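*Asks:*
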Amino acid sequence: MSDSHDTRHDSHDTIHVRGARANNLKNIDVDIPKRKLTVVTGVSGSGKSSLVFGTVAAESRRLIDETYSAFIQGFMPSLPRPDVDVLENLSPAIIIDQERMGANSRSTVGTATDASSLVRILFSRLSEPYVGASGHFSFNLPEGWCPTCEGTGVGATIDLSVFLDESKSLNEGAIDAPGFGVGDWYWSSYANCGRLDPDVPVRDYTPEQREFFLYAPSQKIKVAKEDNSGFSNLSYDGLVTRIRRLWIDRDTPPKQKQIVNFVERISTTGPCPDCHGTRLKEASRMATVAGRTIGEWNSTQITELRGLVQGLEAEPSVAPVRSNLLGMLDNLVDVGLGYLSLDRPAGTLSGGEAQRVKMIRHLGSPLSDVTYVFDEPTIGLHPHDIDRMIDLLQRIRDKGNTVLVVEHKPEVIEAADYVVDIGPGSGEAGGEVVFSGTYEGLRGADTVTARSLDRGVALRDTVRTPAGVMSLDHVSVNNLQDVSVEVPLGVLTVVTGVAGSGKSSLIHGGLTGRDGVTVVDQSGIRGSRRSTPATYTGVLDDVRKLFARTNKAAGATPAHFSPNSEGACPVCNGLGVVYTDLAIMAGVSTPCEECGGRRFRPEVLEFTLAERTISDVLDMTVRQARDFFTDDVPSSAASRTVSGILDRLMQVGLDYLRLGQPLNTLSGGERQRLKLAAKIGDGLEASDGASVIVLDEPTSGLHLADTGTLLTMMQSLVDDGYSLVVIEHNMAVMAAADHIIDVGPGAGHEGGRVVFSGTPTSLVSSGTLTGEHLGRAVG
2 MSDSHDTRHD
12 SHDTIHVRGA
22 RANNLKNIDV
32 DIPKRKLTVV
42 TGVSGSGKSS
52 LVFGTVAAES
62 RRLIDETYSA
72 FIQGFMPSLP
82 RPDVDVLENL
92 SPAIIIDQER
102 MGANSRSTVG
112 TATDASSLVR
122 ILFSRLSEPY
132 VGASGHFSFN
142 LPEGWCPTCE
152 GTGVGATIDL
162 SVFLDESKSL
172 NEGAIDAPGF
182 GVGDWYWSSY
192 ANCGRLDPDV
202 PVRDYTPEQR
212 EFFLYAPSQK
222 IKVAKEDNSG
232 FSNLSYDGLV
242 TRIRRLWIDR
252 DTPPKQKQIV
262 NFVERISTTG
272 PCPDCHGTRL
282 KEASRMATVA
292 GRTIGEWNST
302 QITELRGLVQ
312 GLEAEPSVAP
322 VRSNLLGMLD
332 NLVDVGLGYL
342 SLDRPAGTLS
352 GGEAQRVKMI
362 RHLGSPLSDV
372 TYVFDEPTIG
382 LHPHDIDRMI
392 DLLQRIRDKG
402 NTVLVVEHKP
412 EVIEAADYVV
422 DIGPGSGEAG
432 GEVVFSGTYE
442 GLRGADTVTA
452 RSLDRGVALR
462 DTVRTPAGVM
472 SLDHVSVNNL
482 QDVSVEVPLG
492 VLTVVTGVAG
502 SGKSSLIHGG
512 LTGRDGVTVV
522 DQSGIRGSRR
532 STPATYTGVL
542 DDVRKLFART
552 NKAAGATPAH
562 FSPNSEGACP
572 VCNGLGVVYT
582 DLAIMAGVST
592 PCEECGGRRF
602 RPEVLEFTLA
612 ERTISDVLDM
622 TVRQARDFFT
632 DDVPSSAASR
642 TVSGILDRLM
652 QVGLDYLRLG
662 QPLNTLSGGE
672 RQRLKLAAKI
682 GDGLEASDGA
692 SVIVLDEPTS
702 GLHLADTGTL
712 LTMMQSLVDD
722 GYSLVVIEHN
732 MAVMAAADHI
742 IDVGPGAGHE
752 GGRVVFSGTP
762 TSLVSSGTLT
772 GEHLGRAVG
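Residue numbers 2 to 780, in my numbering, belong to the letters of the sequence shown in order.
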């Protein structure tokens, strides 16, 4: 191992890590310089995140929690100390990861970055006509929100005829809704209110009675008691008012299937009929600054909004606000998000977009001497945008902060002040510091990362001849306007372009849903915390059969070996961890004390297969399990099926995943490769290039060496008769393509056109932004 000790650091300027053993880390020692940009790299599953997130950031968070009062700590989960001997000179850590932002309808790009609050201040001072303080322009406050939709921007139109038969009386069952049948609790408030005759058909009500019956707001009304001994108070809502309150206008939608089906039948959701989706009351949504309403400001693409803000130069009353807002918009453009608008719902952002939005808040922070931890901040970025991302990371560092980045991109590794390379392999074969030092030192080291950097990128010598074409005609989605292009069949086609250029819109808008087209993307996999690679791929079914067959004499059944069935630990219900969900902060999980995180009842763990328990097997990596079922388990149809599935997982570069790892811990790229392995296993038909597979950035989260493995698998699929259409920024994938479609030239309104279609060699000399970067990479 090459070591960092050739680069001396003052002890107080260095984070000392000694004896780190989190997950697969092998008792490692490493020094990380403070107030520098340090990149931690290594093959997928080598232990990078275990060092950065599971050790350094985790201990920083735990120590910060301990500064709260005992009263506050009583409401917080007790975080375990990371498995490490010594951690010295830590500074407070801020983790900026790829967790998608909450899908709360009130959270937008503008609210997440605080840009919306600055826009509101501008309007509170400059609007014509004058409306009032900034709160009057907020859709999250009663003084500003539209009273009809209360700031959500959406409204549900209810079809009365679906659940109300106006030819009938209340006693005849005029209302057909769950809980509103004759004699039910809700029904009785209408029949017994004293103001409606339960024997008169609803159509014969007077206009006043009909208004009261259907739309009266929540209120208390006095009703005579049956024995005439006085009056009692009755809670009353109009029928439509009550149904809206119970099931439609709630922040959390109902979960009961009967109610969900009822709501779907009676209501149609669309823009609020009063504010038309702008979310604000009339006075606030009609006022203008620079000739545009605040709704128009928020819906304007950020690159254009910047021009509006610059135009306010002659307004001295808002000079500081204008300056701050301009800086924030510049930062959004610099991280490649200039194609967004401030009203873009936060829940619709990808993981990479969400991480970059979170960055914006910290770029303007006055804090210094903080450790900022980033998880692959370049995911989803074109090489052109990566240059700007590096500049932002360096700006955060230059404010006196320590920047720790888990990354694979060569450009980011080269820009680092210090590099820590973890390896040499994945899982049990990793967990060691194989190099620490400068980038120049890494280039001279003998590690997988160094060898991959030396290998560089090379264009294909020859490209395949297409077996035909699939035409995308007149695609008009998002920023695409009547775009047509031909996608060759029987070859590897890469679709590229800067973030927000329209490449995903082109492929998903033009190809998705066609016969013979299979889309394998990075979206979440249906399931819960209980879903794992073993359950998703079906491996666990055959593993359980093998365990049950081997231990049949002892009364074992397949159900005993499922953490979701009879064999589950009764305390954690087979999860292996106990989750603590807190409303005030992110929930945490702690290992179950009953089973020690092994998920199963003690009696189940007495059964073995080739001297391994079911918990041992689920804790194996894919590679370990492949060797186990091939070499140690007696050959059978079930063991061969298991080995075949594990082979496919290794083909897509997931050899380091543990069989029992919860799927909600997988990155988008890992989820996509898992889906790909499962779909190939399901026997996608490929003949004469007729079967098209669409992949959306499959190299996300992959080391350079792992990208090579994935590329080999992709080329094999094409050789087997598939047509691959891959949306990618990765230079190695572009160079290995038969055909490239480049979308651009810019993002958002500046994009949306096919600027090149041809071979990688032709792209290099095309003069496009992508061609320039590819030429630099292969040069």
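Positions of the beta carbon are idealized from the N, C-alpha and C atoms, including for glycine. The structure displayed is predicted, hence computed values, not measured ones.
1) Does the contact criterion of 3 or more C-beta pairs under 8 Å hold for the stretch 165 to 178 versus the stretch 138 to 146?
2) As a quick exercise: from 287, 214 and 299, pick the residue whose alpha carbon is nearest that of residue 119.
3) Comparing alpha-carbon positions, which option in 18, 735 and 25 lies nearest residue 383?
4) Write down every uninterrupted run of the beta strand (DSSP E) in the stretch 360 to 434 whose length is 3 residues or greater and which is fully enclosed by it, in chain order.
5) Helix, strand or coil: which one does DSSP assign to residue 106?
6) Please list the segments of the beta strand (DSSP E) lying wholly inside the stretch 722 to 779, counting only runs of 3 or more residues, in order along the chain.
7) If you pair each beta-carbon of the stretch 737 to 748 with each one of the stretch 497 to 517, do three or more pairs fall below 8 Å?
8) Check the C-beta distance from residue 499 over to residue 116 and give it rounded, since I have them as a contact under 8 Å.
9) Judging by CA-CA distance, which residue of 54, 460 and 135 is the nearest neighbour of residue 772?
10) Runs of 3 residues minimum, wholly inside the stretch 556 to 620: which ones carry the beta strand (DSSP E) assignment?
11) My output table needs one value for residue 17: the three-state DSSP class, helix, strand or coil.
12) Between the C-alpha atoms of residue 769 and residue 386, what's the straight-line distance to the nearest angstrom?
13) For residue 706, which residues in the same chain have their Cβ closer than 7 Å to its Cβ, ignoring the five residues on either side in sequence?
14) Got a sec, what are the start and stop residues for the alpha helix (DSSP H) residue 464 sits in?
15) Go through the stretch 320 to 344 residue by residue and report every complete run of the alpha helix (DSSP H) that reaches 4 residues or more, in order.
16) Indicate the three-state DSSP secondary structure (helix, strand or coil) for residue 234 in the structure shown.
17) My understanding is that residue 406 touches residue 38, with C-beta atoms under 8 Å, so please give their C-beta distance in whole angstroms.
18) Rounded to whole angstroms, what's the CA-CA distance from residue 321 to residue 365? Just pull it up for me.
19) Can you find the residues in the same chain that come closer than 6 Å, C-beta to C-beta, to residue 778, ignoring five residues on each side of it along the sequence?
20) Flag this pair as touching only if the stretch 343 to 354 and the stretch 322 to 329 have three or more C-beta atom pairs under 8 Å; answer yes or no.
21) Just the C-alpha distance for residue 137 and residue 509, rounded to the nearest angstrom, thanks.
22) Spatial neighbours of residue 305 within its chain, please: C-beta separation below 8 Å, excluding the five flanking residues on both sides.
23) Pick out whichever of 13, 715 and 738 has its Cα sitting closest to the Cα of residue 91.
24) Taking DSSP's pairing of strands, which residues face residue 221 in a bridge?
25) Assuming residue 239 contacts residue 213 under a Cβ cut-off of 8 Å, what Cβ separation, rounded to an integer in Å, is found between them?
26) Measuring CB to CB, does residue 376 end up less than 8 Å from residue 98?
27) Can you tell me where the alpha helix (DSSP H) with residue 646 in it begins and where it stops?
28) Three Cβ pairs or more, each shorter than 8 Å: is that satisfied between the stretch 656 to 672 and the stretch 514 to 521?
29) Name the DSSP beta bridge partners of residue 136, please?
30) Quick one: any contact between the stretch 272 to 285 and the stretch 146 to 156, if contact means 3 or more CB pairs under 8 Å?
31) Counting along the chain, where does the alpha helix (DSSP H) carrying residue 209 start and finish?
32) Does the stretch 640 to 651 come into contact with the stretch 534 to 549, if we say contact requires no fewer than three beta-carbon pairs (one atom in each stretch) closer than 8 Å?
33) Quick check on residue 572: buried or exposed, where buried means 16 or more other Cβ atoms within 10 Å of its Cβ?
34) Hey, would you say residue 606 sits closer than 8 Å to residue 599, going by beta carbons?
35) Excluding the five sequence neighbours on either side, which residues of its own chain have a C-beta within less than 7 Å of the C-beta of residue 767, listed in chain order?
36) In whole angstroms, what separates the C-alpha of residue 205 from that of residue 218?
*Replies:* Considering the structure as presented:
1) no
2) By alpha-carbon distance to residue 119, the top candidate from 287, 214 and 299 is 299.
3) 735
4) Segments of the beta strand (DSSP E) lying fully in the stretch 360 to 434: 372 to 376, 403 to 407 and 419 to 424.
5) Here residue 106 sits in coil by DSSP.
6) 724 to 728, 740 to 745 and 754 to 759
7) Contact between the stretch 737 to 748 and the stretch 497 to 517 is present, because at least three Cβ pairs lie under 8 Å.
8) With a Cβ gap of about 22 Å, residue 499 and residue 116 do not count as contacting.
9) 460
10) 578 to 581 and 589 to 592
11) strand
12) Straight-line Cα distance between these residues: approximately 14 Å.
13) 44, 449 and 453
14) Unbroken run through residue 464: none, as it is neither H nor E.
15) As far as the stretch 320 to 344 is concerned, its whole alpha helix (DSSP H) runs of at least 4 residues are 320 to 335.
16) Three-state DSSP puts residue 234 in a strand.
17) Contact flag correct, Cβ pair sits at about 7 Å.
18) 14 Å
19) 458 and 732
20) no
21) 40 Å
22) Same-chain partners within the cutoff: 750.
23) 13
24) 236
25) 7 Å
26) It is a contact, given that the beta carbons lie within the stated cut-off.
27) 638 to 652
28) At 8 Å Cβ cutoff, the stretches do not touch.
29) Residue 136 is not bridged to any residue.
30) yes
31) 208 to 216
32) yes
33) exposed
34) yes
35) 757
36) 22 Å
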